[in-house]
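Heads up, the thing below is written out as structure tokens.
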Amino acid sequence: MPAKRKRNPNGAGTITQRKDGRFQAAVYVLQPDGTRARKFAYGKTWAECDAKRRALLDKVASGTPVPTRSAKLSEWLTYWLDSVVQPRRKLSTYDKYEAHVRLYLSPMLGTKRLESLSVPDVRRFLLQLEKKTTAATAKESHRVLRTALSAACREELIVRNVAKLVEPPRAAVRDLSPWSLDETLDFLASSRRDPLYAAFVLAIAMGLRRGELVGLRWNDIDLENRVLLVRQQVQRRRGVLYNDETKGRRSRAIPLPAMCLAPLRWHRMRQKAAYEAAGTEWTTGGYVFATRTGRPVEPRNVHRSFVRVSEAAGLRLIRLHDARHGCATLLTAAGVAPRVVMEILGHSQISLTMDVYTHVVQDTQREAISHMDRLLKRKRPGPRPDRG
461 MPAKRKRNPN GAGTITQRKD GRFQAAVYVL QPDGTRARKF AYGKTWAECD
511 AKRRALLDKV ASGTPVPTRS AKLSEWLTYW LDSVVQPRRK LSTYDKYEAH
561 VRLYLSPMLG TKRLESLSVP DVRRFLLQLE KKTTAATAKE SHRVLRTALS
611 AACREELIVR NVAKLVEPPR AAVRDLSPWS LDETLDFLAS SRRDPLYAAF
661 VLAIAMGLRR GELVGLRWND IDLENRVLLV RQQVQRRRGV LYNDETKGRR
711 SRAIPLPAMC LAPLRWHRMR QKAAYEAAGT EWTTGGYVFA TRTGRPVEPR
761 NVHRSFVRVS EAAGLRLIRL HDARHGCATL LTAAGVAPRV VMEILGHSQI
811 SLTMDVYTHV VQDTQREAIS HMDRLLKRKR PGPRPDRG
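Residues in the sequence shown are numbered from 461 upward in steps of one, following this note's numbering.
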């Protein structure tokens, strides 16, 4: 009499033989929504079925969700936002992803099953969204979808990322038109009496972002050795002003130009007077650009002051961020290496530095070609004498 097969321990699943001769394994697995359900696997032999059972148990042990049916895209996107994006990404990134999921991906693609989502489905979605909104919005939604499906591939819910097989829409490149040197000097002259004059000087001379300006603290600045450390920013999200990591999550130390020293010293003297006037109402945060009670200024108010001074000076209106572009334009035109410009501005990739400021590179190329013309230009020789 053959030995009776031992029963698997609780939680290890079961294997039974069906009437058609095949074997069936049943294991309780984790679902994307956090619940547990039975998952079935089949095999022609007991050993084949047992191998599938063990593979399911490995996923249970690692906490990998294994849907008993192919999850809808909307279900996966919700799980991805809550379990993958929110714990690991910045709040601003989460908000951007959540908006694209809520406004576009779930309404237009959410009913599709993960395994049945196809290349034509994604292509049709992008075409419809581009007609409904803009190419830039469609391109960003494509990036969000591609990132979400990559996470589904890592958790072995799907075998391929169909979004990677679809070319994203081409968004029109924003035409950059930063101030000229004369316009920049006019602005600086007009803003000398503004409380945020030092912030404008740092934005123009060092290319700091608005959030980086607001998040700057006095212990990040060494006036004696002329070094400024950019290691945080201040953002407003969901009605709350909060400290955040810099873009790219990396700090950078930048030498302070001499033109920044006097405005910063003058600003520190003004802040000391505000501190003495506020008394016990002063909030000790160490912010360089603070309110009358020591709290960081609103990022939006920096922009408003920038616009007000520009209008008073009779200058064409640009964004404060365009002053950052102007810094890169001046650095590139002065012959500073692109890699150095990249480090000063805190770009994550050298391609971004080169793509955004292509017009400066083109001007340099024209100058090089003009030198070539002068070098190769010769006086045409006269006709050779007839030796006949």
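Just so it is clear, CB atoms sit at the ideal spot from N, CA and C, and this is done for glycine as well.
Go ahead and label residue i buried or exposed: buried means 16 or more other beta carbons lie within 10 angstroms of its beta carbon, across all protein chains shown.
i, result
"residue 477", "exposed"
"residue 621", "buried"
"residue 756", "buried"
"residue 645", "exposed"
"residue 771", "exposed"
"residue 464", "The pLDDT assigned to residue 464 is 48, lower than 50, so where the model puts this residue is not dependable, and the model offers no usable value."
"residue 580", "exposed"
"residue 613", "exposed"
"residue 557", "buried"
"residue 625", "exposed"
"residue 462", "At residue 462, the pLDDT of 48 sits below 50, so the modelled position is not reliable and the matter cannot be decided from this model."
"residue 475", "buried"
"residue 729", "exposed"
"residue 791", "buried"
"residue 523", "exposed"
"residue 799", "exposed"
"residue 500", "exposed"
"residue 615", "buried"
Measuring alpha carbon to alpha carbon, tell me which of the options ends up nearest residue i.
i, options, result
"residue 609", "494, 539, 660", "539"
"residue 533", "650, 522, 573", "573"
"residue 719", "495, 564, 648, 693", "648"
"residue 715", "516, 616, 662, 774", "662"
"residue 695", "510, 706, 639", "706"
"residue 683", "722, 667, 692", "722"
"residue 598", "605, 589, 614", "589"
"residue 517", "613, 730, 498, 561", "498"
"residue 627", "603, 658, 486, 717", "603"
"residue 617", "651, 766, 779, 577", "577"
"residue 786", "619, 641, 494", "641"
"residue 765", "702, 651, 703, 754", "651"
"residue 459", "658, 531, 550, 586", "There is simply no residue 459 to check, as the chain begins at 461 and stops at 848 in what is shown."
"residue 569", "555, 554, 587, 735", "587"
"residue 564", "671, 600, 760, 496", "600"
"residue 479", "473, 494, 496, 502", "502"
"residue 656", "768, 799, 554, 784", "768"
"residue 760", "803, 699, 735", "699"
"residue 773", "653, 514, 752", "653"
"residue 745", "702, 486, 784, 710", "702"
"residue 668", "473, 688, 593", "688"
"residue 552", "619, 522, 704", "704"
"residue 782", "633, 801, 802, 639", "639"
"residue 629", "582, 643, 637", "582"
"residue 637", "788, 593, 778", "778"
Tell me, which residues are paired with residue i by DSSP?
i, result
"residue 476", "484"
"residue 677", "747"
"residue 688", "681, 714"
"residue 694", "703"
"residue 489", "497"
"residue 873", "Nothing about residue 873 can be read from this structure; the chain reaches only from 461 to 848."
"residue 756", "750"
Say whether chain D places a C-beta atom closer than 8 Å to the C-beta of residue i.
i, result
"residue 626", "Included in the structure is just one protein chain, with no chain D present."
Between residue i and residue j, how many whole angstroms is the CB-CB distance? I'm expecting something under 8 Å.
i, j, result
"residue 489", "residue 519", "7 Å"
"residue 421", "residue 748", "Given a span of 461 to 848 for the chain in the structure shown, any question on residue 421 remains unanswerable."
"residue 491", "residue 525", "6 Å"
"residue 512", "residue 482", "About 12 Å; that fails the 8 Å criterion."
"residue 762", "residue 676", "Not confirmed; about 11 Å, so no contact."
"residue 690", "residue 670", "Their Cβ separation, rounded to whole angstroms, is 12 Å, which puts residue 690 and residue 670 out of contact at 8 Å."
"residue 566", "residue 537", "6 Å"
"residue 605", "residue 623", "5 Å"
"residue 555", "residue 697", "6 Å"
"residue 754", "residue 738", "7 Å"
"residue 784", "residue 805", "7 Å"
Looking at the ligand NAD, does it come within less than 7 Å of residue i, judged from the CB to the closest heavy atom?
i, result
"residue 788", "Within the structure as shown, the ligand NAD is missing, as the structure has no ligands at all."
At which residues does the alpha helix (DSSP H) containing residue i begin and terminate?
i, result
"residue 514", "506-522"
"residue 723", "721-738"
"residue 657", "657-666"
"residue 582", "579-592"
"residue 615", "From DSSP, residue 615 is part of no alpha helix (DSSP H); its letter is neither H nor E."
"residue 646", "641-650"
"residue 552", "551-560"
Following the continuous beta strand (DSSP E) through residue i, name the residue where it begins and the one where it ends.
i, result
"residue 498", "496-503"
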